[in-house]
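Each protein sequence line maps, in turn, to chains A and B. Sequential numbering from 1 applies to the first sequence in the working numbering. Sequential numbering from 1001 applies to the second sequence in the working numbering. Glycine is no exception: its CB is placed at the ideal position from the N, C-alpha and C atoms. Please read all numbers here as calculations on a predicted model, not as lab measurements. These notes concern the structure reproduced below.
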Amino acid sequence: MKETELIQKLQGLKQIKPSKRWVSLTKNQIFGDNSKFTFFPYFKPAFAGLIAVFILFGAFGFAQNSLPGDLLYPIKKMTERGRAFFVSETEKPAFQMRLANEKLENLTKAPLKNLAPTIFEFEANISEAAKNLAKIDATTSDAIAMGKIIEEAKRLGENKEKIEALGIIISDENTGKLYRATAEYLIKYLESRSLDEEKENILKEMKELYKNEEYSEVLEVFLINQ
Amino acid sequence: MKNPRKEFSKIYDNCIEKIYRFIYFKVNSEEIAQDLCSETFLKGWEVFKVNHHNIENPQAFLYKIARNLVTDYYRVKGRTRFISVEKTSIVDPGQSLEEMALLNSDIDNIRKVLTDLKEDYQNVIIWHYLDDLSISEIAKMMEKSEPATRVTLHRALKSLKNKIKEV
């Protein structure tokens, strides 16, 4: 047998190969070992972003039920500020009043929980609502914006009564300012509209109450005659 | 920076057949060849994943592990290295009958004779003619000079020829 012939036959031995199934299985076993015993197999850098998003969404979810003074409350406050950023100027008073109402409603559910920080946050919302209400032009406001303000103001009165029935006294200083701003807004709103005789009389009555600094009564008269 | 897992995965794909064949010629058993081959790559990966920067030639590194494992297999288990070539099959049982039929009797004889060659001769023939390694690569693995490796290869072929004549 010549050398070239021998080499050719030697190369025929290349046909000896392991089965493809075994090759694939062995590869999986070799590279799969680390993940097999990992307590948390998804904790890999590639998943870090995803995990962070899940944690963030979870924290945001839990934070929505938190009260002032709770660990997650700063997150809730951050989301409130974010929401406020997207609210239009004419809707801001109603929005702040709604936040104030939520604080009072939380207190009616758990009166002793985080009382001081909740009242503090309530006062801040009320004060902000009064400032925003004073800024907007009632003469150009539409009926929907006005309706929302009145609805929240009415709810505020009801919630305040519930809280006071539980023995929690809230200072009238800021709520008084808000009622004054609301009364002023309502009077200006009605003045800019054409009214029939009956409504003109109601407006007159409201103005009288406003002069006497009976601001919450202005709102009451308006609501009764609606 | 290269990912060691991806890098070793490529090495695995390129070398698995060669290392398997290399071991198979020495143990003549599909099961033992599979065990020793998977152990070779497992040990290789354990070292490679922490020390891959220092491994210049991964193929040579794997052959070295395989050689040591085969030596350990015969030494530790107290087995003799005599292999009854008459009882062994030429092709891996994983192959189809069609593939098996392609191997002619001459090749079968060569395989039997190759198994009987001394280790250095067997290695140099497998590496050069089956695994297509260059003389310089083989010289490095055998820790010999290139001329000395050429002489070994020449003597290995001559020995193989003589043994074939005897069969």
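Residues of its chain near residue i, where Cβ-Cβ distance is below 6 Å and the 5 sequence neighbours each way are ignored
{"i": "H1154(B)", "result": "none"}
{"i": "S216(A)", "result": "Y179"}
{"i": "L190(A)", "result": "L203"}
{"i": "F222(A)", "result": "L186"}
{"i": "E245(A)", "result": "Nothing about residue 245(A) can be read from this structure; chain A reaches only from 1 to 226."}
{"i": "Y1024(B)", "result": "A1033"}
{"i": "V1027(B)", "result": "A1033"}
Partners in chain A for residue i, counting only beta-carbon separations shorter than 9 Å
{"i": "F1041(B)", "result": "T26, K27 and I30"}
{"i": "L1062(B)", "result": "Here the premise fails: no neighbours, minimum Cβ distance about 12 Å."}
{"i": "I1125(B)", "result": "L10"}
{"i": "L1153(B)", "result": "Those within 9 Å of L1153(B) in chain A number zero; the least Cβ separation is about 11 Å."}
{"i": "I1065(B)", "result": "Chain A residues near I1065(B): none, gap ~13 Å exceeds 9 Å."}
{"i": "Y1012(B)", "result": "V23, T26, K27, I30 and F31"}
{"i": "D1021(B)", "result": "Per the sequence shown, the amino acid found at residue 1021(B) is Arg instead of Asp. The contacting residues are L13, K14, I16, K17 and P18."}
{"i": "L1117(B)", "result": "Ordered by position in chain A, no residue passes the 9 Å Cβ test against L1117(B), which lies about 12 Å from the chain."}
Three-state class that DSSP yields for residue i in the structure shown
{"i": "S1084(B)", "result": "Any reading at S1084(B) must be qualified, since the residue scores a pLDDT of 43, below 50, and its modelled position is unreliable; no value is offered."}
{"i": "E173(A)", "result": "helix"}
{"i": "E213(A)", "result": "coil"}
{"i": "S141(A)", "result": "coil"}
{"i": "F39(A)", "result": "Any answer about F39(A) is weak, because its pLDDT of 47 lies below 50 and its placement is not dependable; what the coordinates show is given next. In the structure shown, F39(A) sits in coil (DSSP, three-state: anything other than H, G, I, E or B)."}
{"i": "P1058(B)", "result": "helix"}
{"i": "T90(A)", "result": "coil"}
{"i": "I168(A)", "result": "coil"}
{"i": "E205(A)", "result": "helix"}
{"i": "A181(A)", "result": "helix"}
{"i": "K948(B)", "result": "With chain B covering 1001 to 1167 only, the question about residue 948(B) has no answer from this structure."}
{"i": "Q64(A)", "result": "coil"}
{"i": "P18(A)", "result": "coil"}
{"i": "S1089(B)", "result": "Bear in mind that the predicted position of S1089(B) carries a pLDDT of just 46, short of 50, making it unreliable; the figure below should be weighed with that in mind. In the structure shown, S1089(B) sits in coil (DSSP, three-state: anything other than H, G, I, E or B)."}
{"i": "M78(A)", "result": "helix"}
{"i": "A153(A)", "result": "helix"}
{"i": "A110(A)", "result": "coil"}
{"i": "K1002(B)", "result": "coil"}
{"i": "K1118(B)", "result": "coil"}
{"i": "M146(A)", "result": "helix"}
{"i": "L115(A)", "result": "helix"}
{"i": "R193(A)", "result": "coil"}
{"i": "G32(A)", "result": "helix"}
{"i": "D1106(B)", "result": "helix"}
Where residue i meets chain A, residues with beta-carbon distance less than 8 Å
{"i": "Q1034(B)", "result": "P18, W22 and T26"}
{"i": "R1005(B)", "result": "F31"}
{"i": "S1009(B)", "result": "K27 and F31"}
{"i": "L1069(B)", "result": "By Cβ distance, chain A contributes nothing, its closest Cβ being about 14 Å from L1069(B), past 8 Å."}
{"i": "S1038(B)", "result": "T26, Q29 and I30"}
Contacting residues, own chain, Cβ-Cβ under 7 Å from residue i (five flanking each side not counted)
{"i": "I163(A)", "result": "L104, L107, T108 and I170"}
{"i": "N225(A)", "result": "I202"}
{"i": "L1160(B)", "result": "V1113, L1114, L1117 and I1125"}
{"i": "Q1122(B)", "result": "F1025 and L1114"}
Whole-angstrom C-beta distance between residue j and residue i, which should lie under 8 Å
{"i": "K76(A)", "j": "Q64(A)", "result": "6 Å"}
{"i": "W22(A)", "j": "Q1034(B)", "result": "6 Å"}
{"i": "E80(A)", "j": "L99(A)", "result": "6 Å"}
{"i": "E1146(B)", "j": "I1135(B)", "result": "5 Å"}
{"i": "S1038(B)", "j": "Q29(A)", "result": "7 Å"}
{"i": "L1157(B)", "j": "L25(A)", "result": "Not quite, the Cβ-Cβ distance comes to about 37 Å (not below 8 Å), so this is no contact."}
{"i": "I1107(B)", "j": "L13(A)", "result": "6 Å"}
{"i": "L994(B)", "j": "V1076(B)", "result": "Lying before the first or after the last residue shown, residue 994(B) is absent from chain B, which here runs from 1001 to 1167."}
{"i": "I149(A)", "j": "E89(A)", "result": "With 8 Å as the limit, I149(A) and E89(A) do not qualify as a contact, their Cβ atoms being about 13 Å apart."}
{"i": "A229(A)", "j": "A181(A)", "result": "The structure shown does not extend to residue 229(A), since chain A is modelled only from 1 through 226, so no value can be given for it."}
Chain B contact residues for residue i, given Cβ-Cβ distances below 8 Å
{"i": "L50(A)", "result": "Ordered by position in chain B, no residue passes the 8 Å Cβ test against L50(A), which lies about 20 Å from the chain."}
Partners in chain D for residue i, counting only beta-carbon separations shorter than 9 Å
{"i": "K1161(B)", "result": "Among the chains of the structure shown, chain D does not appear; the protein chains present are A and B."}
Interface residues of chain A facing residue i [CB-CB closer than 7 Å]
{"i": "E1031(B)", "result": "Those within 7 Å of E1031(B) in chain A number zero; the least Cβ separation is about 10 Å."}
{"i": "E1017(B)", "result": "K17 and P18"}
{"i": "Y1024(B)", "result": "I16"}
{"i": "Y1129(B)", "result": "I7, L10 and Q11"}
{"i": "I1164(B)", "result": "M1"}
Beta-carbon neighbours of residue i, restricted to chain B and to distances below 7 Å
{"i": "K9(A)", "result": "D1106, I1107 and I1110"}
Same chain, Cβ closer than 8 Å to residue i, five either side skipped, listed in chain order
{"i": "K154(A)", "result": "L219 and L223"}
{"i": "G157(A)", "result": "S216 and L219"}
{"i": "K206(A)", "result": "In the sequence as displayed, the identity of residue 206(A) is Met instead of Lys. Excluding positions up to five away in sequence, the list reads A183, L186, I187, L190, V218, V221 and F222."}
{"i": "K1049(B)", "result": "P1004, R1005 and F1008"}
{"i": "I1110(B)", "result": "L1160 and I1164"}
{"i": "T1152(B)", "result": "D1120, Y1121, V1124, M1142 and K1144"}
heavy atom of the ligand ATP below 6 Å from residue i C-beta
{"i": "K92(A)", "result": "Questions concerning the ligand ATP fall outside what the structure shown contains, since it holds no ligand whatsoever."}
Three or more C-beta pairs below 8 Å linking the stretch 114–128 of chain A and the stretch 55–70 of chain A = With three or more CB-CB distances shorter than 8 Å, the stretch 114–128 of chain A counts as touching the stretch 55–70 of chain A.
Pair every Cβ in the stretch 1060–1073 of chain B with every Cβ in the stretch 1041–1048 of chain B, then say whether three or more of these pairs are closer than 8 Å.
-> Because the criterion of three Cβ pairs below 8 Å is met, the stretch 1060–1073 of chain B and the stretch 1041–1048 of chain B touch.
Quick check: the stretch 123–137 of chain A against the stretch 177–184 of chain A, are there 3 or more CB pairs under 8 Å?
-> Taking one beta carbon from each stretch, the stretch 123–137 of chain A and the stretch 177–184 of chain A have 3 or more pairs nearer than 8 Å; the two touch.
Using 8 Å as the Cβ pair cut-off and three pairs as the minimum, do the stretch 188–202 of chain A and the stretch 1016–1035 of chain B touch?
-> The stretch 188–202 of chain A is not in contact with the stretch 1016–1035 of chain B.
Report yes or no: do the stretch 129–145 of chain A and the stretch 93–102 of chain A share at least 3 C-beta pairs separated by less than 8 Å?
-> Using a Cβ-Cβ distance cut-off of 8 Å, the stretch 129–145 of chain A and the stretch 93–102 of chain A are in contact, since at least three pairs of beta carbons, one from each stretch, lie closer than that value.
Segment contact, 8 Å Cβ cut-off, at least three pairs: the stretch 1020–1029 of chain B with the stretch 11–26 of chain A = The answer is yes - the stretch 11–26 of chain A touches the stretch 1020–1029 of chain B, with three or more Cβ pairs under 8 Å.
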